[in-house]
Amino acid sequence: VQESPARLQPVSPPRPEPRRYAFTVAVGAHRRLRPKLPQFPAPEKNQRLAAVEVAGAAAEGGRKPRSSERADRKREATMSVLIVTSLGDIVVDLRTDRCPLTCKNFLKLCKIKYYNGCLFHKVEKDFIAQTGDRTGTGTAGESVYKFLYGDQARFFDDEIHPDLKHSKTGTIAMASAGENCNASQFYFTLRDDLDYLDGKHTVFGIVEEQEGLETLARINESYVDSEGRPFKDIRMKHTYILDDPFADPSQLAEFAPDRSPEGKPEEETAEPRLEDDWVPMDETLGPAELEEILRSREAHTNAAILESIGDIPDADIKPPDNVLFVCKLNPVTQDEDLHTIFSRFGNVISAEIIRDWKTGDSLCYAFIEFETKESCEMAYFKGLGHGTQAVKL
Numbered sequence: 001v002q003e004s005p006a007r008l009q010p011v012s013p014p015r016p017e018p019r020r021y022a023f024t025v026a027v028g029a030h031r032r033l034r035p036k037l038p039q040f041p042a043p044e045k046n047q048r049l050a051a052v053e054v055a056g057a058a059a060e061g062g063r064k065p066r067s068s069e070r071a072d073r074k075r076e077a078t079m080s081v082l083i084v085t086s087l088g089d090i091v092v093d094l095r096t097d098r099c100p101l102t103c104k105n106f107l108k109l110c111k112i113k114y115y116n117g118c119l120f121h122k123v124e125k126d127f128i129a130q131t132g133d134r135t136g137t138g139t140a141g142e143s144v145y146k147f148l149y150g151d152q153a154r155f156f157d158d159e160i161h162p163d164l165k166h167s168k169t170g171t172i173a174m175a176s177a178g179e180n181c182n183a184s185q186f187y188f189t190l191r192d193d194l195d196y197l198d199g200k201h202t203v204f205g206i207v208e209e210q211e212g213l214e215t216l217a218r219i220n221e222s223y224v225d226s227e228g229r230p231f232k233d234i235r236m237k238h239t240y241i242l243d244d245p246f247a248d249p250s251q252l253a254e255f256a257p258d259r260s261p262e263g264k265p266e267e268e269t270a271e272p273r274l275e276d277d278w279v280p281m282d283e284t285l286g287p288a289e290l291e292e293i294l295r296s297r298e299a300h301t302n303a304a305i306l307e308s309i310g311d312i313p314d315a316d317i318k319p320p321d322n323v324l325f326v327c328k329l330n331p332v333t334q335d336e337d338l339h340t341i342f343s344r345f346g347n348v349i350s351a352e353i354i355r356d357w358k359t360g361d362s363l364c365y366a367f368i369e370f371e372t373k374e375s376c377e378m379a380y381f382k383g384l385g386h387g388t389q390a391v392k393l
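According to the UniProt record's numbering, the residues represented by the sequence shown are 1 to 393, in order.
Take a look at the structure:
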């Protein structure tokens with residue numbers, strides 16, 4: 001019987017001192033006045049926009065994302081993360097007010113660059129795109145609480161709310177291994193109204209229109225195998241935190257790299273596929289270059305066939321520089337004749353005519369091995385005449 005993983009229990013904050021209420025006495029009645037709520041200064045008008053532009057410029061080598069359209073849009077005060085993928089940018093608004101444990105886990109994993117290079121290891125068209133596993137297999141992952149508190153805190157509890165639903169494309173939710181077994185994997189929904197996922201997974205954010213839905217549409221159109229793995233890798237390149245309401249734990253800094261890592265994670269064990277930066281050759285090469293590469297690939301394919309049937313030991317084998325291939329020989333020519341003819345170019349180690357293995361008849365081609373490369377080149381350039389052809393291997 002497998003033992004259930006230890007669950008991380010959030011620490012309850014100290015209870016605040018009770019408020020003292022003011023009362024006003026009126027004729028024949030008492031009326032309690034509501035306490036005055038503390039007033040927080042409103043953020044500057046373009047504070048969020050500036051944060052998006054700064055992070056986006058860093059992610060795209062100085063190019064600012066299209067954020068002007070969302071500058072004047074009113075919405076809830078949520079925290080945000082910019083995810084740069086190999087197919088475009090995604091800005092996620094997090095429900096830190098409703099799912100603090102989940103959002104803190106996500107934000108701090110982003111801060112230590114845990115998600116850099118992670119594959120979208122499962123894409124189901126018009127359903128979900130799943131990522132967050134550094135092995136790329138969909139079988140691993142750990143929460144930030146494991147880094148902070150040890151293996152017993154690898155998973156943390158669900159934060160499921162009835163009003164947070166999978167109703168919109170771009171909903172982000174935890175891909176848990178079971179009840180209260182959330183770690184690092186999460187998914188984006190790729191269509192509206194996936195209500196049968198409600199109540200089963202923690203929904204903790206949303207991708208708003210013009211902030212990444214076009215990127216999710218490109219992910220949704222990717223070609224995948226029978227298990228949902230894209231044939232061409234789709235990766236999270238970088239993550240940039242735009243707003244973070246949670247203070248960093250003191251020990252978090254030791255897990256943050258000095259520089260933002262690039263490329264695939266060291267832990268990745270998934271089967272190699274076309275890399276995310278691969279493009280078809282015909283989009284980058286001219287006709288002559290493309291034809292040369294295709295010929296080279298055809299030659300390598302033929303060599304691989306010869307290797308598979310045992311004619312050569314290795315498909316990548318290269319002939320020695322001191323061997324000459326001779327064809328169109330007279331059927332009556334013997335090995336000794338070739339040895340005598342080619343000795344005028346240098347010392348001949350061997351001269352072998354290739355023969356039919358059943359009849360012993362000459363196949364009219366041979367290999368001449370010289371002692372030096374220079375002797376082989378001399379025989380090649382001077383030629384033989386009489387219709388015989390020599391090719392330097």
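From the three backbone atoms N, C-alpha and C, an ideal C-beta is built for every residue, glycine too.
| Asked | Found |
| --- | --- |
| Reduced DSSP secondary structure (H/G/I, E/B, other) of Leu94 | strand |
| Sequence-distant residues of its chain with Cβ nearer than 7 angstroms to Gly205 (five each side left out) | Val92, Asp93, Leu94, Arg95 and Ile172 |
| Ile368 and Val323 closer than 8 angstroms at C-beta | yes |
| Residue interval of the alpha helix (DSSP H) (run including Ile341) | Asp335 to Phe342 |
| Residue of Gly346, Asp163, Val81 and Phe186 minimising C-alpha distance to Leu140 | Contrary to the premise, residue 140 reads as Ala rather than Leu in this sequence. Comparing Cα-Cα distances from Ala140 to each of Gly346, Asp163, Val81 and Phe186, the minimum goes to Phe186. |
| Cβ contact check for the stretch 191-209 and the stretch 230-246: 3 or more pairs under 8 angstroms | no |
| 6 angstroms CB neighbourhood of Phe345 in its chain, flanking five on each side removed | Ser375, Met378 and Ala379 |
| Cβ-based burial, Phe381 [other Cβ within 10 Å; buried from 16] | exposed |
| Inter-residue spacing [alpha-carbon to alpha-carbon] between Cys110 and Gly170 | 19 angstroms |
| Chain-order list of residues whose beta-carbon lies under 6 angstroms from that of Asp158 (same chain, five-residue window excluded) | Asn180 and Thr202 |
| For Val144, three-class secondary structure by DSSP | helix |
| Range of the contiguous beta strand (DSSP E) that encloses Lys237 | Met236 to Ile241 |
| Three CB pairs or more closer than 8 angstroms across the stretch 251-260 and the stretch 223-232 | no |
| Residue from Asn105, Pro100, Val348 and Thr333 with nearest C-alpha to His161 | Pro100 |
| C-beta contact flag for Asn220 and Lys122 at 8 angstroms | no |
| Residue range of the alpha helix (DSSP H) that includes Cys110 | Pro100 to Lys111 |
| Through-space distance from Ile354 to Phe342, alpha-carbon basis | 17 angstroms |
| Endpoints, the beta strand (DSSP E) within which Ser362 is located | Ser362 to Phe370 |
| Supposed close pair Ala175, Gly132 - CB separation, criterion 8 angstroms | 7 angstroms |
| Extent of the continuous beta strand (DSSP E) to which Ile349 belongs | Val348 to Arg355 |
| Nearest candidate by alpha-carbon position, reference Glu262, set Thr85, Val81 and Met79 | Thr85 |
| Distance CB(Asn116)-CB(Val144) smaller than 8 angstroms | no |
| Alpha-carbon to alpha-carbon, Val224 and Asp193 | 23 angstroms |
| Closest by C-alpha distance to Asp337, when choosing among Phe325, Glu352 and Phe246 | Glu352 |
| Terminal residues of the alpha helix (DSSP H) in which Ser375 lies | Lys373 to Lys382 |
| CA-to-CA distance, Lys108 to Glu267, given in whole angstroms | 19 angstroms |
| Straight-line gap, Asn330 to Pro272 (C-alpha atoms, nearest Å) | 51 angstroms |
| CA-to-CA distance, Leu274 to Trp357, given in whole angstroms | 44 angstroms |
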